[in-house]
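From first to last, the protein sequence lines stand for chains Y and W. Going by this note's numbering, the first sequence opens with residue 1, and the numbers climb by one from there. Going by this note's numbering, the second sequence opens with residue 210, and the numbers climb by one from there. A virtual CB, placed ideally from N, CA and C, is assigned to each residue, including glycine. Just below is one structure, and these are the notes that go with it.
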Amino acid sequence: MREHTEAIRPPRALWVTFELGRPLGAPDDPPFQRRVVKAALDLLARTDAPLIADYAEHVPEVTDFTGWACPINLAPTTIDSLAAEIDRLASWYDRARTKLDRTTVGVSGLDMSTAGALVSQALDGELPPAQALKEATDDLRAYYLEAAAAFPDPGSARTRKEWLWSETRLGQSLLALQPKLAASADPQHKILGNLTLIPATERWRLAGK
Amino acid sequence: MVKRLSDMPEVEAMHLRRIECPTYDDTPALPGKPLDQRRVVIISTAGLHKRGDRPFRPGDGSYRIIPAETPANELVMSHISVNFDRTGFQQDLNVAFPIDRLRELVADGTVGAMASVHYSFMGAFPPAAAEPHAAHLAGLLKADGVDAALLVPV
Numbered sequence: 001m002r003e004h005t006e007a008i009r010p011p012r013a014l015w016v017t018f019e020l021g022r023p024l025g026a027p028d029d030p031p032f033q034r035r036v037v038k039a040a041l042d043l044l045a046r047t048d049a050p051l052i053a054d055y056a057e058h059v060p061e062v063t064d065f066t067g068w069a070c071p072i073n074l075a076p077t078t079i080d081s082l083a084a085e086i087d088r089l090a091s092w093y094d095r096a097r098t099k100l101d102r103t104t105v106g107v108s109g110l111d112m113s114t115a116g117a118l119v120s121q122a123l124d125g126e127l128p129p130a131q132a133l134k135e136a137t138d139d140l141r142a143y144y145l146e147a148a149a150a151f152p153d154p155g156s157a158r159t160r161k162e163w164l165w166s167e168t169r170l171g172q173s174l175l176a177l178q179p180k181l182a183a184s185a186d187p188q189h190k191i192l193g194n195l196t197l198i199p200a201t202e203r204w205r206l207a208g209k
Numbered sequence: 210m211v212k213r214l215s216d217m218p219e220v221e222a223m224h225l226r227r228i229e230c231p232t233y234d235d236t237p238a239l240p241g242k243p244l245d246q247r248r249v250v251i252i253s254t255a256g257l258h259k260r261g262d263r264p265f266r267p268g269d270g271s272y273r274i275i276p277a278e279t280p281a282n283e284l285v286m287s288h289i290s291v292n293f294d295r296t297g298f299q300q301d302l303n304v305a306f307p308i309d310r311l312r313e314l315v316a317d318g319t320v321g322a323m324a325s326v327h328y329s330f331m332g333a334f335p336p337a338a339a340e341p342h343a344a345h346l347a348g349l350l351k352a353d354g355v356d357a358a359l360l361v362p363v
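Given below as structure tokens:
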């Protein structure tokens, strides 16, 4: 945050305008990333501290294809379940992992069906410890978004996040879980429910908002 | 690498404004060696760690170690915040943890050398929670011969 950097006054800071979570700007663009790293390291030669240098390059907003929809019908139905949804995304997830030779799933140590079962159990009123639930839901979100990136028409990161929250059983489950966590007597459940389960940008979807 | 509160959803910006931001005495920016003679470490606050290492927890001010030779597929993220993009990191870890870029800058002679071990904190902790860990880490960096740190927040 610019405001925090101005208050903390580190000796040297490079100010970039990129999306939070992408401090080097653009994925899969080594020359761009190298320029950012070099600009930051070049500040080492300056002694007029504390300084905040403005980085000149910006990452343009990705143009979304309006009306982008998941190419296969993954929307939940009344007879659908979170477990079935997780299962049918497995081949897409495997495809993504093979393509990138990498996955960011694996914080919880659970396989995805077990992580899903933990969410279902919580929805049924039996809340697991907050940390276990947090790790499971973070893994599930990474699993879904990595899987969706391997769809034949993957859209953009933004449309895939929109898909997760508006069209999937997982999105519905997390939104349904929020009030149960917020109402728990356990302060860790409250933190999860009120701050670290639903992104601020998606909280408007919560019932009663 | 920082962004403005006004760019954020109001709910999250309000939450961040409520958190007390400490002030510090200015640290002098000392002249040092040229970049091509420096040994650089990356210190992230993205909550990164090796798969199987201890996930970060709320209020956790400790760090995890990321040896320079860690394969990309071994790195996961357990930051408590859900209010920053993770899809960039999922696609290319260098967008949050530019280890391959630093390696290239060392290879072409722009940077002198790379630390043998890099580090990640989580961020989103009270500064006092990190203080003993940061002090310990400073000693380790000296022992590793590091004389420049690239701090990369998310």
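- One alpha carbon belongs to A207 of chain Y, the other to A132 of chain Y, and they sit about 25 Å apart.
- Cβ-Cβ separation between V119 of chain Y and Y143 of chain Y: approximately 12 Å, too far for a contact (criterion under 8 Å).
- Considering only beta carbons, the part of the stretch 295 to 309 of chain W lying closer than 8 Å to chain Y consists of R295, T296, G297, F298, Q299, Q300, D301, L302, N303, V304, A305, P307, D309, in chain order.
- Using a Cβ-Cβ cut-off of 8 Å, H58 of chain Y does not count as an interface residue toward chain W, since no Cβ of chain W sits closer than that to its own.
- The continuous stretches of beta strand (DSSP E) do not include A281 of chain W, and DSSP gives it neither H nor E.
- Contact between F265 of chain W and L284 of chain W does not hold, since the beta-carbon distance rounds to 13 Å and is not under 8 Å.
- The Cβ atoms of R160 of chain Y and A176 of chain Y do not sit closer than 8 Å to each other.
- Spanning the alpha carbons of G116 of chain Y and G171 of chain Y requires a straight line of approximately 12 Å.
- In the three-state reduction of the DSSP assignment, P264 of chain W falls in the coil class, being assigned neither a helical nor a strand state.
- Of the residues Y:E167, Y:I52, Y:A183, the one whose Cα lies closest to the Cα of A40 of chain Y is Y:I52.
- With contacts defined as CB atoms closer than 8 Å, Y272 of chain W and Y233 of chain W fail to qualify as a contacting pair.
- About 6 Å separates the beta carbon of L311 of chain W from that of I251 of chain W, a gap short enough to meet the 8 Å contact definition.
- Note on the stretch 243 to 325 of chain W: whole alpha helix (DSSP H) runs with a minimum of 4 residues are 296 to 300, 308 to 316, in chain order.
- Excluding sequence positions up to five before and after N303 of chain W, its CB lies within less than 7 Å of the CB of D309, R310, all in the same chain and listed in chain order.
- Counted as a single uninterrupted DSSP element, the beta strand (DSSP E) harbouring R12 of chain Y occupies residues 12 to 15.
- In this structure, R12 of chain Y sits away from R35 of chain Y, with a CB-CB distance that is not shorter than 8 Å.
- Y55 of chain Y carries a coil assignment under DSSP once its states are collapsed to helix, strand and coil.
- K134 of chain Y counts as buried, since no fewer than 16 other beta carbons sit within 10 angstroms of its beta carbon.
- The closest CA to that of I228 of chain W, considering only Y:R102, Y:H4, Y:W204, is found on Y:H4.
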